[in-house]
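Enquirer: Below are the structure tokens for one structure; questions will follow.
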Amino acid sequence: MGCKLTFVDDVLNRSFYKLGLIVGKQPGYFIIIPVLLTLLMITGYQRVHYEMDPEYLFSPVSGQGKLERRIVEEYFKVNYTHRFNVGRITRAGRFGRVIIVAKDNTTNMLRTEIWKELRQLDEYVQNITVTMDNGETFTYREECARWEGQCFANDILNLDKIIGEVERGELNLTFPIMFNPVTWEAHAFPVFFGGSKVVDDIIESVPAVQLVWFIRTDNKLQEKRGAAWEDAFLDAVGVAEDTGRFKHISISRFASRTLDHELEKNTKTVIPFFSSTFILMGIFSIVTCMMGDWVRSKPWLGLLGNISAVMATSAAFGCAIYLGISFIGINLAAPFLMIGIGIDDTFVMLAAWRRTSPTLPVPERMAIMLSEAAVSITITSVTDMLSFFIGIFSPFPSVQIFCMYSGLAVCFTFVWHLTFFAGCVAVSGYREKQNRHTITWLKVLPESRARKEEKSWLYRAFCSGGIDNADPNNPIDNKEHCIMAFFRTTMANLLNNNLVKALVIVVFLVYLAGAGYGVTNLKEGLERRKLSKVDSYSVEFFDREDLYYREFPYRIQVVISGNYNYSDPKIQDEVEILTQRLENTSYISNSLYTESWLRTFVNYVERNNDYLNVSIDTEEDFIQNLKELWLFPANPFSLDVKFNEGGNEIIASRFLIQAINISGTNHEKEMVKALREVVAQSPLNASVFHPYFVFFDQFELVRPTSIQNLCYGALMMMITSFIFIPNILCSLWVAFSIISIEIGVVGYMALWDINLDSISMINLIMCIGFSVDFTAHICYAYMASKAKSPKQRVSECLYSLGLPIVQGSFSTILGVVALLLADSYIFSVFFKMVFMVIFFGAMHGLFLLPVLLSLFGPGSCTKQEDDFKISKVEKLFPNPYCLPHPQLVLNDQIFSGKSINPNGVYKIYGDDKDLGIGTSGEDTSESSSNQSQRRQIGNSENTRKKYEDGWKKYNNFCQSTSQFQPSGELDLYGQESDRAWQRQRYSNNHRAFENYRNQGHRDDDGRARKTSDTSPQREGAYRVMRTHSHHNLHRPRAPRRSNSHHNLEHLDYVAEMHFP
């Protein structure tokens, strides 16, 4: 197997063996204590703190936008109560916003009846009465943001005084700014009008109009009142729209709390699916744990596996809440994942249980079960925990919180399965030991006994099960699983066909090509609309905003901090150069939309210096005249200059620029990056800021963070796999599979309309752990195989892992399928990405890796020896039957006294330890007791002695044959010895058959049962067979000898031999 660094493997096996003994002896404690701990932990739910702030959750903790905001707020803190200006805000604040279009679908809102209803809407909103919890009431006019004592107002509504003239064509509206001839107000049309059709600076039509109302939020009380007003605003406008209060206008609404509400709604939508998912997974686990044997079937254990996962997740969440970790709605996706992981571990442990001998005591069976399942359960749990813990170092709080909750849930699920579920298995083991029915718990007969006693077919179909202690290895009570046989024969033969191999590789290349195309078209950033439910009122608002208001979307602030002498022409030139460079980018409009106090002040003084007669050449004169002439309270420029405490120096200044034609998250990311590069190249200490830049930072960080997490995760998964499965080639194949699966997930998620954002990053981190599960165990099973032929290795690994891969895939996908029904982008992303990683992982494990390993793995470059010619005897007897020479067995160090394997002589036939996902050839198979019988042999010197005595007795019994030649050559080609053996065998079988028939033992159909085992009984358990051994021992035709000495040298072939 390469590097035999099995220290971790050995420690795990010994530790879990001891744990199994303890659980098997005292299962009650291991059931009761986890239940009590779960009840204790869930008391933490009363301390839960919900975090719903989108900015906190989906923006980087230390993003540059937050740093820029700190700079702006240090010098230019917003005063909502007295000096509020919408273009100079640093946070969204509390507001209500509507976008209005005409109900008759016309593209022109410049009509009298529409403007009349717009005025009515404004009055309706301002008169909304809000009632607080303490009974206090207020309206918008009492809590509005103010400028110089006046409420913030939508001055565009004053067009109603001239709208009749505009509609008749008597008056034209000039774009972008126009003075109202009645009120002499300056109307900035780009702020209010959306999608305007402009010809020669004349507005011809306006398809959309937006109105905004702001609430003051200077302290916590105002913040609370503002939140209450927003809720009332959303409800009132929603009622007005739904009831048809306005006949000519259609209103879409939005507020700062809208995304908070949508996150809360997302949380509530998935809660009803907990029960349905649990029922679905319960049915699936019950059905998959059922067998035709009503004693060895374990449907209740399948259900208890789900209960164990639910208990563990509940306890983990309670523990996280006790640790002070905030709870977010995305965490509700974790229980669906944990149920899938938990049922996988359930399959692992039940498969290991079935491989133990039913004749052993329950504590010993528990010890063997946990010992064999140790590597599989531990490697899957550790890789999942590591992948989640990688996410804790993400810069996004939403990713951090989800990974902390999920990582704890995986850890608790692992512990609960080793305690609570293991205790349940032990209880079921005692039931099975007493041969009780799995549902009724009544004692029943095994099928073989039921046939002997001629029980009805109903009894045999629904009541019989278990094994006959008098004959535990009879084939009637030990049947092979048909699906596993399908993977060993049909599936393996298919994949060993060269044409199929070529087809698999071609499909893989097409898969990579599609993934590569998707990667090149991957979009980045979490769009706000995707935080809302599909049927949310906010979706229509976002659609209208994207359609009509992307031409002039953002009013961007440029802040210059530091003590600069603005009277110095060099400083003035530097500021002007910076301003022009920003305006010259493709993302910023021309100087017409720029608000610069320095540019306008200097130009004003230069144009009017003849009658002003002032000087701005010195810093003192500059500041004095600036205050007197330009920064008077009514001028918004007074908000753009910050003086020191003495008022004689400027320590910070600000000017505004207008973004233009920005659409899509990638465009927004490019804009922010370009503007930051421009200010970084300036010698001035400048920075750019807009409140949404805090969100845009995720666009900049999500790609490098995701790549970093994927690289670290893949490296850690490879190292972890090597620790638990110490084989260099296996680790390399695991790394190849992880990279291939992750490329596929990233590429095809772009084609499935999933952006690279903090939500998909969570899933990518999670997928690193999931991608290891199937591929690592397939590689290990192939590498660990003792077969020399790649075809035989493919057959063995598929026989061991084909069925469990299918079971594990279905269980995980079924566990998250309810997320797709939640009608939420967040949870649909979870389903889509988990589905992709599980599907791609299963396809890699079932098809790609067996093909690639057969082509490039061990033995692929070794030329296979040609078969020897078939003798006449072999042609007559097509089924192989061969006995090993005793000296060959001894030479293989089974009983040579050196390095005796503690697990018995059968360890040389192929390691029976779990090869992956907790399943070897007997997963969910009714024939598992046969392999369990093999493990008992050779556990002590006494057993070894009995084994040798058994050979001696058989040698004495077959004196007439030349099967054993003490010092000579074996008769490999079957001439005389085969004929003599056949005669002796026929005589023995015939004599046994006659005795059996005379004793009156018949099947239900009246035909005598045949048996080929007529050799004398030996003391101890010496009879050895594989799961399919009854096919050879009880078929009517005689078996045939092997056709090559190669078979005698092949240890796996020795494992196929049957001793009489």
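In numbering that gives the first Met the number 0, the protein residues as written are 0 to 1059. Where is the CB? At the ideal position from N, CA and C, for every residue including glycine. Keep in mind it's a predicted model, so treat the numbers as computed, not measured.
1. Spatial neighbours of PRO33 within its chain, please: CB distance less than 6 Å, with the 5 preceding and 5 following residues excluded, ordered by chain position.
2. What does the alpha-carbon distance come out to for the pair ASP922 and LYS267?
3. Excluding the 5 residues preceding and the 5 following PRO180 in the sequence, name in chain order all residues of the same chain whose CB lies nearer than 7 Å to its CB.
4. Could you tell me the alpha carbon to alpha carbon distance between VAL671 and ILE764, rounded to whole angstroms?
5. To the nearest angstrom, report how far apart ASN573 and SER566 are at their CA atoms.
6. Just verifying my parser: in three-state terms, what is the DSSP assignment at THR276?
7. Pairing CB atoms from the stretch 324 to 336 with CB atoms from the stretch 453 to 471, are three or more of them under 8 Å?
8. So, helix, strand or coil for PHE507, using DSSP?
9. What are the uninterrupted segments assigned as alpha helix (DSSP H) that are 4 or more residues long and contained completely in the stretch 768 to 855, given in chain order?
10. Taking the alpha helix (DSSP H) that SER705 belongs to, which residues open and close that run?
11. Which class does ILE1062 belong to by DSSP, given the choice of helix, strand or coil?
12. Helix, strand or coil for VAL424 per DSSP?
13. Name the DSSP beta bridge partners of ASN78, please?
14. Tell me which same chain residues have a C-beta within less than 6 Å of the C-beta of ILE475, skipping the five on either side of it?
15. So the candidates are PRO635, ARG606, PHE600 and ASN634; which of them puts its Cα closest to the Cα of ASN624?
16. If you draw a straight line from the C-alpha of GLN932 to the C-alpha of VAL361, how long is it?
17. Going by DSSP, what residue range makes up the alpha helix (DSSP H) through PHE1067?
18. Leaving out five residues on either side along the sequence, give the residues of the same chain with a beta carbon under 7 Å from the beta carbon of VAL205.
19. I'd like the ranges of any alpha helix (DSSP H) spanning at least 4 consecutive residues and lying wholly in the stretch 572 to 653.
20. Between the C-alpha atoms of PRO334 and THR312, what's the straight-line distance to the nearest angstrom?
21. Do you know whose CA, among LEU521, VAL129, PRO789 and THR719, lies nearest ALA231's CA?
22. To the nearest angstrom, report how far apart LEU818 and LEU385 are at their CA atoms.
23. On the three-state DSSP scale, how would you describe TYR565?
24. What residue does the alpha helix (DSSP H) around LEU233 start on, and which one ends it?
25. In whole angstroms, what is the alpha-carbon distance linking ILE1063 and HIS48?
26. If you draw a straight line from the alpha carbon of GLU544 to that of ILE98, how long is it in whole angstroms?
27. Examine the Cβ distances between the stretch 819 to 833 and the stretch 522 to 536 and report whether three or more of them are shorter than 8 Å.
28. Can you tell me whether ASN726 is buried or exposed, with buried defined as 16 or more other CB within 10 angstroms of its CB?
29. Would you give the residue range spanned by the beta strand (DSSP E) that ILE559 belongs to?
30. Where does LEU417 fall in DSSP's three states?
31. Let me confirm a value: SER736 is counted as buried when at least 16 other C-beta atoms fall within 10 Å, else exposed. Which label applies?
32. Which residues bound the beta strand (DSSP E) around TRP212?
33. Kindly indicate which residue of ALA319, ASP756, ARG549 and ILE278 has the alpha-carbon position closest to the one of ILE1141.
34. Taking the DSSP output, what are the residues bridged to SER249?
35. Name the residue from VAL211, GLU141, GLU122 and LEU349 whose alpha carbon lies nearest to the alpha carbon of ARG96.
36. Taking LYS668 as part of the alpha helix (DSSP H), name the residues at either end of that continuous run.
Expert: Looking at the atomic coordinates:
1. For the purposes of this step, residue 33 is identified with residue 34 of the sequence shown, where counting begins at 1. Answer for PRO33: TRP415, THR418 and PHE419, listed in chain order.
2. Taking the sequence shown and counting its residues from 1, the one referred to as residue 922 is at position 923. Taking the sequence shown and counting its residues from 1, the one referred to as residue 267 is at position 268. Because ASP922 carries a pLDDT of 39, less than 50, the predicted location of this residue cannot be relied on, and the following value inherits that uncertainty. Each residue's alpha carbon lies about 39 Å from the other.
3. Translated into positions along the sequence shown, residue 180 becomes position 181. A distance below 7 Å between beta-carbons, with the five flanking residues on each side excluded, links PRO180 to the following residues of its chain, in chain order: ILE161.
4. Translated into the one-based positions of the sequence shown, residue 671 becomes position 672. Translated into the one-based positions of the sequence shown, residue 764 becomes position 765. Roughly 27 Å separates the two Cα atoms.
5. In the sequence shown, residue 573 corresponds to position 574, counting from 1. In the sequence shown, residue 566 corresponds to position 567, counting from 1. Here residue 573 turns out to be Glu, not Asn, going by the sequence shown. One C-alpha to the other measures close to 12 Å.
6. Residue 276 sits at position 277 when you count from the first residue of the sequence shown. In this structure, THR276 counts as helix in the three-state DSSP scheme.
7. No, because fewer than three Cβ pairs between the stretch 324 to 336 and the stretch 453 to 471 fall closer than 8 Å, the two stretches do not touch.
8. Locating residue 507 in the sequence shown gives position 508, counting from the first residue. Three-state result, PHE507: helix.
9. Taken in chain order, the unbroken stretches of alpha helix (DSSP H) that lie wholly in the stretch 768 to 855 and span 4 residues or more are 789 to 819, 824 to 842 and 848 to 855.
10. Walking along the sequence shown from the start, residue 705 turns up at place 706. Counting along the chain, the alpha helix (DSSP H) containing SER705 begins and ends at 692 to 723.
11. In this structure the chain extends from 0 to 1059, so residue 1062 is not present and cannot be described.
12. On the sequence shown, position 425 is the one that residue 424 refers to. Residue state, collapsed to three classes: helix.
13. As a position in the sequence shown, residue 78 is number 79, starting the count at 1. Note: ASN78 sits in a beta bridge opposite ARG82.
14. What you label residue 475 is simply residue 476 of the sequence shown in a count that begins at 1. Excluding positions up to five away in sequence, the list reads GLU446 and SER447.
15. Here the question's residue 624 lines up with position 625 in the sequence shown. Selected option, being the one with the closest Cα: PHE600.
16. To locate residue 932, count along the sequence shown from 1; it is residue 933. To locate residue 361, count along the sequence shown from 1; it is residue 362. With a pLDDT of 39 at GLN932, under the threshold of 50, the modelled position of this residue cannot be trusted, and the question is left open.
17. Nothing in the structure corresponds to residue 1067, since the chain is present only between 0 and 1059.
18. Looking up residue 205 in the sequence shown gives position 206. Spatial neighbours of VAL205 in its own chain (CB-CB distance under 7 Å, excluding positions within 5 residues in sequence) are listed in chain order as ASN107, MET108, LEU109, PHE192 and SER195.
19. Those alpha helix (DSSP H) runs which fall completely within the stretch 572 to 653 and span 4+ residues are 596 to 611 and 618 to 624.
20. In the sequence shown, counting from the first residue as 1, residue 334 sits at position 335. In the sequence shown, counting from the first residue as 1, residue 312 sits at position 313. Roughly 6 Å separates the two Cα atoms.
21. Your numbering for residue 231 matches position 232 in the sequence shown. It is VAL129 whose Cα lies nearest to the Cα of ALA231.
22. For this step, residue 818 is matched to residue 819 along the sequence shown. For this step, residue 385 is matched to residue 386 along the sequence shown. Across the structure, LEU818 and LEU385 are spaced so that their CA atoms are roughly 24 Å apart.
23. For the purposes of this step, residue 565 is identified with residue 566 of the sequence shown, where counting begins at 1. Three-state DSSP puts TYR565 in coil, outside helix and strand.
24. By one-based count along the sequence shown, residue 233 stands at place 234. Its alpha helix (DSSP H) spans residues 219 to 242.
25. Because the chain is modelled from 0 through 1059, residue 1063 falls outside the range shown and cannot be assessed.
26. Along the sequence shown, read from residue 1 onward, the residue named residue 544 stands at position 545. Along the sequence shown, read from residue 1 onward, the residue named residue 98 stands at position 99. Those two C-alpha atoms are separated by around 8 Å.
27. The stretch 819 to 833, when compared against the stretch 522 to 536, does touch it at the 8 Å Cβ threshold.
28. Residue 726 sits at position 727 when you count from the first residue of the sequence shown. With 16 or more Cβ atoms within 10 Å of its Cβ, ASN726 is classed as buried.
29. Along the sequence shown, read from residue 1 onward, the residue named residue 559 stands at position 560. Where ILE559 is concerned, the enclosing beta strand (DSSP E) starts and stops at 554 to 560.
30. Within the sequence shown, numbered from 1, the residue matching residue 417 stands at position 418. LEU417: helix per DSSP, three-state reduction.
31. Here the question's residue 736 lines up with position 737 in the sequence shown. Buried, by the Cβ-count rule.
32. Counting from 1 along the sequence shown, the entry for residue 212 is found at position 213. Where TRP212 is concerned, the enclosing beta strand (DSSP E) stretches over 207 to 214.
33. Since the first residue shown for the chain is 0 and the last is 1059, residue 1141 is missing from the structure and cannot be characterised.
34. Residue 249 sits at position 250 when you count from the first residue of the sequence shown. DSSP, once it has assigned bridges, lists VAL100 as partnering SER249.
35. Residue 96 sits at position 97 when you count from the first residue of the sequence shown. With distances taken between Cα atoms, ARG96 lies closest to VAL211.
36. Locating residue 668 in the sequence shown gives position 669, counting from the first residue. Counting along the chain, LYS668 sits inside the alpha helix (DSSP H) bounded by residues 664 to 680.
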